[in-house]
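For reference, the structure is listed below as structure tokens.
There are 2 protein chains.
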Amino acid sequence: MTAARRDTYTPETLLAVAVQVFNERGYDGTSMEHLSRAAGISKSSIYHHVAGKEELLHRAVARALDGLFGILEEPGAVNGRPIEQVEYVTRRTVEVLVSELPYVTLLLRVRGNTRTERWAMERRREFDQRVSDLLKAAAADGDIRSDVDIRLATRLLFGMVNSLVEWYRPHAGGGADQDQLAEAVVRMAFEGLRT
Amino acid sequence: MTAARRDTYTPETLLAVAVQVFNERGYDGTSMEHLSRAAGISKSSIYHHVAGKEELLHRAVARALDGLFGILEEPGAVNGRPIEQVEYVTRRTVEVLVSELPYVTLLLRVRGNTRTERWAMERRREFDQRVSDLLKAAAADGDIRSDVDIRLATRLLFGMVNSLVEWYRPHAGGGADQDQLAEAVVRMAFEGLRT
Numbered sequence: 001m002t003a004a005r006r007d008t009y010t011p012e013t014l015l016a017v018a019v020q021v022f023n024e025r026g027y028d029g030t031s032m033e034h035l036s037r038a039a040g041i042s043k044s045s046i047y048h049h050v051a052g053k054e055e056l057l058h059r060a061v062a063r064a065l066d067g068l069f070g071i072l073e074e075p076g077a078v079n080g081r082p083i084e085q086v087e088y089v090t091r092r093t094v095e096v097l098v099s100e101l102p103y104v105t106l107l108l109r110v111r112g113n114t115r116t117e118r119w120a121m122e123r124r125r126e127f128d129q130r131v132s133d134l135l136k137a138a139a140a141d142g143d144i145r146s147d148v149d150i151r152l153a154t155r156l157l158f159g160m161v162n163s164l165v166e167w168y169r170p171h172a173g174g175g176a177d178q179d180q181l182a183e184a185v186v187r188m189a190f191e192g193l194r195t
Numbered sequence: 001m002t003a004a005r006r007d008t009y010t011p012e013t014l015l016a017v018a019v020q021v022f023n024e025r026g027y028d029g030t031s032m033e034h035l036s037r038a039a040g041i042s043k044s045s046i047y048h049h050v051a052g053k054e055e056l057l058h059r060a061v062a063r064a065l066d067g068l069f070g071i072l073e074e075p076g077a078v079n080g081r082p083i084e085q086v087e088y089v090t091r092r093t094v095e096v097l098v099s100e101l102p103y104v105t106l107l108l109r110v111r112g113n114t115r116t117e118r119w120a121m122e123r124r125r126e127f128d129q130r131v132s133d134l135l136k137a138a139a140a141d142g143d144i145r146s147d148v149d150i151r152l153a154t155r156l157l158f159g160m161v162n163s164l165v166e167w168y169r170p171h172a173g174g175g176a177d178q179d180q181l182a183e184a185v186v187r188m189a190f191e192g193l194r195t
């Protein structure tokens, strides 16, 4: 039994608690009991907000995916040369990762045991494919080196970007910090570390 | 009860089975019973080889760490300009990751709940630090761009390299494949994707 507090949760604030628990215990390892304890409200109060833990997972990964796919509609992602577009998308992906850190962390960790997880993985692959297509267009323009396979380059690029969720921890008031991070990723990926 | 087969394991072959189980179930989620079932021999037969599952973990991560630290003693890692050394170490790290894939995968996933895990994490940090020192020396020579922070560059480099364990699956007879992979990582990290 938990000392249940008054349920003042909104869908947003309850989601934030659930995502933290999912990231700590893994989605599979999280029960409604764990969510109830972390939120400090009863299980039936949680059921007042959502149908179950899979709905919370769906909302959380949808938030991450909306952030990522939203980038592809921005002017910087659709205007100019493909090489500029792909650099823009890379920079903005880092920014979305950082601003939606717990949601993207969860998205990157889902493993495909439920329908929601499989859907999330499928959408992630679609996003990667869109970036890969931009790299291909940039290669066709002669702006990407021809001696690196595009599929491999896409994987290495996302390997670098996605690793952020494992080690990046935002500093207090770190807006400049975040810009510097996005810039460092773009420079390293597209221009390399060598002078 | 499992239909126990005759115990023909060597320390090496038993380790290979254990590492596979650790990577599938997580080290924490693996019991001696799981190991016994996967190996097809009784628990007491396993105790004939090792004191327990932590000894298996220790041997496995030691094998990965020996492979990685061995690189730093090779002529290519100690002779020439620091920039050449760090490119050499990056290339060889990819090669060791691929040739010791299950062992390095396990090393990268340990989370620090036991003494062996904490030791492994400490050794990993030492390795990262050695590479970071090489990058610093290369920067002091003016061979690394001065607008990217070295600690950040080290993390992004390992983010890219370590992501291999999540998606790289060796092809049959893929020696050339493996060289191409190491070369692609070095080119992208040090020269960038842009022409």
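Protein sequences appear in the order of chains A and B.
End of the first sequence sits at 195 in the UniProt record's numbering; the numbers just go up one at a time, nothing left out.
End of the second sequence sits at 195 in the UniProt record's numbering; the numbers just go up one at a time, nothing left out.
Where is the CB? At the ideal position from N, CA and C, for every residue including glycine.
Keep in mind it's a predicted model, so treat the numbers as computed, not measured.
Is the stretch 133-145 of chain B close to the stretch 67-87 of chain B, with three or more CB pairs under 8 Å? yes
(message) Quick check on E12 (chain A): buried or exposed, where buried means 16 or more other Cβ atoms within 10 Å of its Cβ?
(response) Stepping through the first sequence from its first residue, residue 12 (chain A) is reached at position 12. Looking at its Cβ environment, which holds fewer than 16 other Cβ atoms inside 10 Å, E12 (chain A) is exposed.
> What is the DSSP secondary structure of I150 (chain A), counted as helix, strand or coil?
Replying inline: Position 150 of the first sequence holds residue 150 (chain A). Note: I150 (chain A) maps to helix in three-state DSSP.
- Task: Using a Cβ cut-off of 8 Å, pull out every chain B residue sitting near L156 (chain A), in sequence order please.
- Result: Locating residue 156 (chain A) in the first sequence gives position 156, counting from the first residue. Those within 8 Å of L156 (chain A) in chain B are M160, S163, A184, V185 and M188.
**Item:** Cα-Cα separation between A153 (chain A) and M188 (chain B), rounded to whole angstroms
**Value:** In the first sequence, the residue the question calls residue 153 (chain A) occupies position 153. In the second sequence, the residue the question calls residue 188 (chain B) occupies position 188. C-alpha separation (whole angstroms): 8 Å.
- [ ] Confirm, please, whether the CB-CB distance from A60 (chain B) to A18 (chain B) is below 8 Å.
- [x] Counting from 1 along the second sequence, the entry for residue 18 (chain B) is found at position 18. Counting from 1 along the second sequence, the entry for residue 60 (chain B) is found at position 60. Yes, the pair counts as a contact, with Cβ atoms nearer than the cut-off.
Check your understanding: Which ranges does the alpha helix (DSSP H) cover as unbroken runs of at least 4 residues, wholly within the stretch 90-160 of chain B, from first to last along the chain?
Key -> Correct list: 101-109 and 115-140.
Just checking: is the beta-carbon of V148 (chain A) within a distance shorter than 8 Å of some beta-carbon in chain B? Residue 148 (chain A) sits at position 148 when you count from the first residue of the first sequence. With 8 Å as the cut-off, V148 (chain A) counts as an interface residue toward chain B.
**Prompt:** Apart from the five residues on each side of it in sequence, which residues of its chain come closer than 7 Å, Cβ to Cβ, to D179 (chain A)?
**Reply:** For the purposes of this step, residue 179 (chain A) is taken as the residue at position 179 of the first sequence. So the list is empty, once near-sequence residues are dropped.
- prompt: Which partner residues of R194 (chain A) appear in the DSSP bridge assignment?
  reply: In the first sequence, residue 194 (chain A) corresponds to position 194, counting from 1. Note: R194 (chain A) sits in a beta bridge opposite B:I144.
### Query
Since T116 (chain A) contacts H58 (chain A) with CB under 8 Å, what's their CB separation in whole angstroms?
Sequence index remark: in the first sequence, residue 116 (chain A) carries index 116 (1-based). Sequence index remark: in the first sequence, residue 58 (chain A) carries index 58 (1-based). About 5 Å separates the two Cβ atoms, so the contact holds.
Checklist entry - With DSSP run on the structure shown, which of helix, strand or coil describes N162 (chain B)? => result Here residue 162 (chain B) refers to the residue found at position 162 when the second sequence is read from its first residue. It is helical.
- Message: Under 8 Å, with one C-beta from each stretch per pair, do the stretch 63-71 of chain A and the stretch 148-165 of chain A reach the 3-pair mark?
- Response: no
Practice task
Would you mind working out which of B:H34, B:F190, B:T105 and B:D28 sits nearest W167 (chain B), comparing C-alpha positions?
Solution key: By 1-based counting over the second sequence, the position of residue 167 (chain B) is 167. Comparing Cα-Cα distances from W167 (chain B) to each of B:H34, B:F190, B:T105 and B:D28, the minimum goes to B:T105.
Check: Which residues in chain B sit within 9 Å of G192 (chain A), going by Cβ to Cβ distance?
Finding: Within the first sequence, residue 192 (chain A) is the residue found at index 192, counting from 1. Under the 9 Å cutoff, chain B gives R145, R187, M188, A189, F190, E191, G192, L193 and R194.
ask   = If you draw a straight line from the alpha carbon of S146 (chain A) to that of G192 (chain A), how long is it in whole angstroms?
value = In the first sequence, the residue the question calls residue 146 (chain A) occupies position 146. In the first sequence, the residue the question calls residue 192 (chain A) occupies position 192. If I take the Cα positions, the gap works out to 15 Å.
How about L97 (chain B) and V186 (chain B): do their beta carbons lie closer than 8 Å?
Against the second sequence, residue 97 (chain B) aligns to sequence position 97. Against the second sequence, residue 186 (chain B) aligns to sequence position 186. Not a contact, by the Cβ cut-off of 8 Å.
*asked:* I need the DSSP call for E183 (chain B), collapsed to helix, strand or coil.
replied: Your numbering for residue 183 (chain B) matches position 183 in the second sequence. Reduced to three states, the DSSP call for E183 (chain B) is helix.
>> Please classify N162 (chain A) as buried or exposed, where buried requires at least 16 other C-beta atoms within 10 Å of its C-beta.
In response: The residue labelled residue 162 (chain A) in the question sits at position 162 within the first sequence. Of the residues assessed, N162 (chain A) falls on the buried side of the cut-off, its CB having 16 or more other CB atoms within 10 angstroms.
| request: Compare the C-beta of A39 (chain B) against all C-beta atoms of chain A and say whether one is closer than 8 Å. | output: Against the second sequence, residue 39 (chain B) aligns to sequence position 39. Not one chain A Cβ lies under 8 Å of A39 (chain B).
A120 (chain A) to T30 (chain A) span [Cα, whole Å] = Taking the first sequence and counting its residues from 1, one reaches residue 120 (chain A) at position 120. Taking the first sequence and counting its residues from 1, one reaches residue 30 (chain A) at position 30. For A120 (chain A) and T30 (chain A), the distance between alpha carbons rounds to 18 Å.
_Distance, R169 (chain B) Cα to P102 (chain B) Cα_ = Start at 1 with the first residue of the second sequence, and residue 102 (chain B) comes out as number 102. Start at 1 with the first residue of the second sequence, and residue 169 (chain B) comes out as number 169. C-alpha of P102 (chain B) to C-alpha of R169 (chain B): approximately 11 Å in a straight line.
Quick check on DSSP: helix, strand or coil for P170 (chain B)?
If you number the second sequence from 1, residue 170 (chain B) lands on position 170. Residue state, collapsed to three classes: coil.
If contact means a Cβ-Cβ distance below 9 Å, which residues of the stretch 74-99 of chain B contact chain A? I83, V86 and E87
Can the beta-carbon of M160 (chain A) be found closer than 8 Å to that of L135 (chain B)? In the first sequence, counting from the first residue as 1, residue 160 (chain A) sits at position 160. In the second sequence, counting from the first residue as 1, residue 135 (chain B) sits at position 135. Going by C-beta atoms, M160 (chain A) is not nearer than 8 Å to L135 (chain B).
Thinking C-beta only, is A38 (chain A) closer than 8 Å to Y9 (chain A)?
Within the first sequence, the letter at position 9 stands for residue 9 (chain A). Within the first sequence, the letter at position 38 stands for residue 38 (chain A). Against a cut-off of 8 Å, the Cβ pair of A38 (chain A) and Y9 (chain A) comes out as no contact.
TODO: Over the uninterrupted alpha helix (DSSP H) stretch that includes T13 (chain B), give me the two end residues.
DONE: For the purposes of this step, residue 13 (chain B) is taken as residue 13 along the second sequence, with counting starting at 1. Its alpha helix (DSSP H) spans residues P11 to R25.
Q.
Less than 8 Å between CB atoms is the rule here; does L106 (chain A) satisfy it with respect to chain B?
A. Taking the first sequence and counting its residues from 1, the one referred to as residue 106 (chain A) is at position 106. No, L106 (chain A) does not count as interfacial toward chain B.
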